[in-house]
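Position 160 (the sequence shown) corresponds to 1443 in the working numbering; numbering is contiguous.
All C-beta atoms in this analysis are idealised placements derived from N, C-alpha and C, irrespective of residue type, glycine included.
What follows is a set of notes on a single structure, which appears directly below.
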Amino acid sequence: MDTVQHVFRGTFVHSTQTCPMEVLENHILGVGSTGKILFIEHAEKEAQLALKWKFDESKIEDLGKNEFFMPGMIDTHIHAPQYSFIGSGMDRPLLQWLEHITFPTEEKFSDLDLASNIYETVVRRTLKNGTTTACYFATIHTDASLVLADIADRYGQRAFIGKVCMDSNTAYPEYIESTEESIAETQRFVEAMQNMKYDRVKPIITPRFAVSCSERLLCELGRLADSYGLHIQSHISESVAEIQEVLNLFPEYNNYTEVYSKNKLLTNMTVMAHGCYLTDEELHLFRSNGSAISHCPNSNISLCSGHLDVSNVIKQKVKVGLGTDIAGGYSISMLDAIRKAIETSKILFMEREKRRKESKTIHNHLQEENGMLPEKECNCRIKNNGKKVLSDQEAFRLATLGGSQALNIDHITGNFEINKEFDALLISPEIHNSPFDVFSQFSKEDMVQRFLYLGDDRNIKAVYVAGRRVVPFQNNS
């Protein structure tokens, strides 16, 4: 039987399959030596649990009055090398931004010292901001990508590392591989990663996007993913110009999604970033293949790419998580992704309401011209809850359990269910120099909501991955 290493008593907040946010006050949670959750029960059962699991009740770690644990946040789409220019060049549309800023910067990552410096910084920064799992794009450079994997493992972050593949780059031809080189180097990368036998850092097949990949490369990457049983990540339907370019390059396919699907790159271990313009037909392909979308609202807005109607994606029963997509997005914090996801949902709701009212006005005008009485405007308050507008609780689920489902690791992490690994953030609303204030009348639900809307890394007192405290950083990290 697993032995108890940590026992915490206090408030635990997480999502379940049926509840977007469950607040468990006065509970006790035990973490075993393997990093898995052994029990989570009401604190009134403390004595029985101590007897069953043989732990000393005096060793229980009590949370502060307003503190709470929440699951670690999962960034389902982040470009590690782009952290070096985060917050720059945000005035350009996607394809120009790639040509003039992104590709020239990523080309320099053949320098392993430069790569090591940037990658160490981004892993530390993401962990400090509560990202316990990150799905990283690296660059086309195999050895630099292996450096990122080693750093993530050393700091204890759960991560998927993708050596980027691209054999076609008309925008910036200096940053390119041959088709054979890309295939061979991807296989070398995967085998090197597997030989390292990391516990929680895994390779992920990473064609950059269809614009930068030949059909043969896509086909071979799909074959590699199938052969090794690997996760897959890429971009899809981020901007209108990108979609048009894909349709020009692959005229024999009916839509963008088919390009990936028919090359075995759309599986139940696939996460595709953006998806702003996916049709319901394409979403059906996602659902039938068990594939996921990474919703990156900051980037979508910052590069003027478009908006993803995440409520429709959920309605279509497609798995969806959140991503920061730095440096297309200008914030490395998943809290920002939560906020931008909610704001995007509200913007789309308002646009739909505006179109509805405009259509109704025209309809009423035509009725008046024909001698008919116009319909009466409903005087009730518009209900913008439920599936029309994303709530903070639903966004919280997307950043935690939703992300684990999108990456097909929800059997391992994502919430505080028994036998899952304890990936968690200890949130302290009243920490020194907190960005928001606390008053005694707040309920725990209010406290969580204020953290989601107003908190930042200062409120994240500790970060745990598989039961190991990784933040604050140790001297050897």
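Rounded straight-line distance, which links the Cα of Ala1575 to that of Thr1553:
Cα to Cα, the separation comes out at about 6 Å.
Taking the alpha carbon of Val1484 as the point to measure from, which residue in Leu1429, Phe1352, Ile1311 has its own alpha carbon closest?
Considering only Leu1429, Phe1352, Ile1311, the residue with the shortest C-alpha distance to Val1484 is Leu1429.
Whole-angstrom distance between Met1449 and Ile1695, CA atom to CA atom
32 Å
Measure how close the beta-carbons of Ile1487 and Leu1513 come, nearest whole angstrom, since I'm counting them as under 8 Å.
Contact holds; Cβ gap of about 6 Å.
Three-state class that DSSP yields for His1360 in the structure shown
strand
With a threshold of 8 Å, are at least 3 pairs of Cβ atoms found where one atom belongs to the stretch 1373-1390 and the other to the stretch 1433-1441?
Contact between the stretch 1373-1390 and the stretch 1433-1441 is absent, because fewer than three Cβ pairs lie under 8 Å.
Using beta carbons (cut-off 8 Å, strictly below), is Glu1565 in contact with chain D?
Absent from the structure: chain D. Only one protein chain is present.
Status (buried if at least 16 other CB within 10 Å, exposed otherwise) for Gln1516
buried
Delimiting residues of the beta strand (DSSP E) encompassing Thr1553
1553-1557
Can you name the residues that DSSP bridges to Leu1708?
Met1353, Val1746
What residues in its chain sit with their C-beta under 8 Å from that of Phe1472, if we drop five residues either side in the sequence?
Scanning its chain for C-beta atoms nearer than 8 Å, with the 5 sequence neighbours on each side dropped, one finds around Phe1472 the residues Thr1425, Ser1428, Leu1429, Lys1446, Pro1486, in chain order.
When the Cα atoms are used, what is the spatial distance from Glu1498 to Lys1337?
59 Å
Could you spell out where the beta strand (DSSP E) holding Ile1487 opens and where it closes?
1484-1490
So, with DSSP's three-state summary, where would you put Asn1583?
helix
CB of Ile1615 within 8 Å of CB of Gln1365, strictly
no
Would you call Cys1418 buried or exposed, if buried means 16 or more other Cβ atoms sit within 10 Å of its Cβ?
buried
Closest by C-alpha distance to Ser1298, when choosing among Phe1569, Phe1352, Gln1440
Phe1352
By alpha-carbon positions, which one of Ala1475, Tyr1481, Thr1462 ends up nearest to Cys1502?
Thr1462
Using a 10 Å radius around the Cβ and a threshold of 16 neighbouring Cβ atoms, would you call Tyr1736 buried or exposed?
It counts as exposed.
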